[in-house]
Amino acid sequence: MQRLLLHLVLLASFVFLSRDVYAGITSSFVRSEFPSVDIPPNHPAFAVPKGHNAPQQVHITQGDYDGKAVIISWVTPDEPGSSHVQFGTSENKFQSSAQGTVSNYTFGEYKSGYIHHCLVEGLEHSTKYYYRIGSGDSSREFWFETPPKVGPDATYKFGIIGDLGQTFNSLSTLEHYIESEAQTVLFVGDLSYADRYQYTDVGLRWDTWARFVERSTAYQPWIWNTGNHEIEYFPYMGEVVPFKSYLQRYTTPYLASKSTSPLWYAIRRASAHIIVLSSYSPYVKYTPQYKWLSDELLRVDREKTPWLIVLMHVPLYNSNEAHFMEGESMRVVYESWFIKYKVDVIFAGHVHAYERSYRFSNVDYNITTGNRYPVADKSAPVYITVGDGGNQEGLASRFRDPQPEYSAFREASYGHSTLEIKNRTHAVYHWNRNDDGKKVATDSFVLHNQYWGNNRRRRKLKHFLLTVIDEVVSI
Ligand SMILES: [Fe+2]
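Residue numbers are given in full-length UniProt numbering: position 176 of the sequence shown equals residue 176, and the series is strictly consecutive.
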């Protein structure tokens with residue numbers, strides 16, 4: 001009898017402790033919110049640069065697979081002007097130049113400015129470049145830095161921003177992001193929220209947003225992804241082609257990763273392989289996105305890029321009342337691949353709050369098994385939702401109760417994240433809350449690499465490093 005009681009106590013403590021391991025935190029922090037209204041169009045945050053036909057809305061993104069090219073984009077408001085980019089490695093000396101393209105579009109009655117895209121390629125890695133666009137007194141100069149050569153121990157600091165919009169909360173997020181000194185933004189969709197407007201204001205709010213983010217986008221690449229607010233299906237205006245404004249204004253290097261659509265693609269940057277998926281394009285079996293992803297995952301070489309990061313708009317694990325289970329259909333299709341290929345982390349937006357998961361999976365579930373709950377799974381990615389950029393729709397403040405076991409930390413505040421890759425095995429992650437105008441690091445953890453964290457590979461790496469040390473000592 002005593003033995004039975006002892007067993008029961010041990011079993012109870014095991015269950016208690018096991019549950020305790022995955023007890024997540026629902027933050028009780030309640031911030032005083034700036035009003036979630038868009039900044040007025042005449043506000044200095046949207047200032048138009050001085051000079052006739054001066055280039056505005058300047059933004060850059062990676063232009064190839066490995067970070068030796070950028071695409072520079074801008075708008076000239078009055079006339080096409082020049083699509084030429086002058087660039088070089090010293091300030092005011094522009095030894096090289098590249099020729100871009102120019103186009104414009106209409107959206108209902110709105111007529112866009114002249115949109116320029118210019119591919120600047122053949123760059124050196126880890127180099128600061130200065131560039132000039134526009135002509136005469138109206139020309140403008142900026143700079144950017146290329147990433148280190150793709151390699152397993154290249155250090156790099158990424159920022160992650162989602163659902164940004166153009167409110168005073170958005171401004172706070174953007175200023176805090178710039179303070180963080182990260183080198184590239186991984187953007188998880190829903191850019192301007194211009195689709196919340198009607199008629200010509202839709203286009204005008206795309207223009208204000210691009211001027212608003214220029215303080216960052218002109219100086220470092222933003223890796224773009226689309227959300228539902230980019231779809232812009234407006235039959236009442238005769239505009240029914242999905243993603244029309246976005247595709248005109250934002251370009252991606254999709255051809256470099258053999259994609260057939262700018263909406264899904266991949267890049268390699270420093271020690272990371274980054275896969276961008278479109279939540280609002282077909283993704284089930286036999287679709288182009290499905291086929292492309294199956295091929296791209298085979299191209300991932302963890303010996304060269306240890307970090308495998310996936311971006312999408314709709315989270316696959318989300319315990320907020322807002323958009324609950326909207327990612328379920330994509331989870332059913334792709335989750336087993338994310339586990340098989342040892343994806344390190346998946347960033348999503350859409351839900352206007354912050355949430356981080358433990359490593360959980362639900363791949364055992366199908367419509368005939370009874371295993372319908374997510375279970376702890378060391379092979380699974382960490383899922384992080386950062387749809388907390390600060391747009392005009394406000395916070396998603398109602399989390400489901402009780403907090404599911406897969407949910408590690410959740411808080412309904414605005415903010416942004418950073419992921420600082422230290423080497424092939426470790427990266428440091430932070431979520432930074434906008435706390436009444438201040439940036440406060442609130443959630444952080446060390447991300448262990450899913451590929452190099454494997455014991456056998458760790459031993460192999462240790463052996464390799466010891467051999468190198470021996471060689472250095474013997475010289
Ligand atoms: Fe969204």
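Ideal Cβ placement from N, Cα and C applies to all residues, glycine included.
For this session: For Val37, I'd like the list of residues in its chain whose CB is within less than 7 Å of its CB, leaving aside the five on either flank, ordered along the chain.
Result: Thr167 and Gln392
Problem set entry | Delimiting residues of the beta strand (DSSP E) encompassing Ile161 | Tyr156 to Ile161
For this session: Could you pull the start and end residues of the alpha helix (DSSP H) that Val188 belongs to?
Result: First-last for Val188: undefined, no H or E at that position.
For this session: Pick helix, strand or coil for Val409, following the three-state DSSP scheme.
Result: Per the sequence shown, residue 409 should be read as Phe rather than Val. Strand at Phe409.
Exercise. Mind checking whether the beta-carbon of Asn318 lies closer than 7 Å to any heavy atom of ligand 1?
Worked result: Incorrect: Asn318 has no Cβ contact closer than 7 Å to ligand 1.
Problem set entry | Cα-Cα separation between Leu6 and Thr173, rounded to whole angstroms | In this prediction, Leu6 has a pLDDT of 43, which is less than 50 and means its spatial position is unreliable; nothing more can be read from the coordinates.
For this session: Within the same chain, show all residues whose beta-carbon is closer than 6 Å to that of Ser82, passing over the 5 residues directly before and after it, in chain order.
Result: Ser135
For this session: Work out the CA separation of His116 and Ala98 for me, nearest whole Å.
Result: 12 Å
Exercise. So His229 packs on Asp190, CB below 8 Å; how close in whole Å?
Worked result: Taking a contact as a CB-CB distance under 8 Å, the pair His229 and Asp190 counts as one, their CB atoms being some 4 Å apart.
Exercise. Does the Cβ of Gln57 have 16 or more other Cβ atoms within 10 Å, making it buried, or fewer, making it exposed?
Worked result: buried
Exercise. Between which two residues does the alpha helix (DSSP H) containing Val333 stretch?
Worked result: Glu328 to Lys340
Exercise. How about Asp163: is its Cβ closer than 7 Å to a heavy atom in ligand 1?
Worked result: The beta carbon of Asp163 sits closer than 7 Å to at least one heavy atom of ligand 1.
Problem set entry | Distance between Val351 and Asp322 (C-alpha atoms, nearest Å) | Contrary to the premise, residue 322 reads as Ala rather than Asp in this sequence. About 6 Å.
Exercise. Hey, would you say the C-beta of Asn228 is under 7 Å away from at least one heavy atom of ligand 1?
Worked result: yes
Exercise. The beta strand (DSSP E) spanning Arg299 covers which residue range?
Worked result: For Arg299, there is no enclosing beta strand (DSSP E); the residue is found in the alpha helix (DSSP H) stretching over Pro288 to Arg299.
Exercise. Given Val251, which residues of its chain have a CB within under 6 Å of its CB, disregarding the five upstream and five downstream residues?
Worked result: Checking the sequence shown, residue 251 turns out to be Thr, not Val. Cβ neighbours of Thr251 beyond the five flanking positions: Ile71 and His117.
Problem set entry | Beta-carbon proximity of Ser281 to Ser261, cut-off 8 Å | Contact: yes.
Exercise. For ligand 1, any of its heavy atoms closer than 7 Å to the Cβ of Gly394?
Worked result: No, the beta carbon of Gly394 sits no closer than 7 Å to any heavy atom of ligand 1.
Exercise. Is any heavy atom of ligand 1 found at a distance shorter than 7 Å from the C-beta of Asp190?
Worked result: yes
Problem set entry | Pairwise C-alpha distance: Arg205 and Glu121 | Going from the Cα of Glu121 to the Cα of Arg205 covers about 31 Å.
For this session: Alpha carbon to alpha carbon, how far is Ala441 from Asp435? Give it in angstroms, no decimals.
Result: 10 Å
Problem set entry | Pairwise C-alpha distance: Val375 and Ile365 | Ile is not the amino acid found at residue 365; the sequence shown has Tyr there. The straight-line gap from Cα to Cα measures roughly 10 Å.
Exercise. Just the Cα atoms here: how many angstroms apart are Lys438 and Leu171?
Worked result: 12 Å
Problem set entry | Cα-Cα separation between Ser444 and Arg140, rounded to whole angstroms | 38 Å
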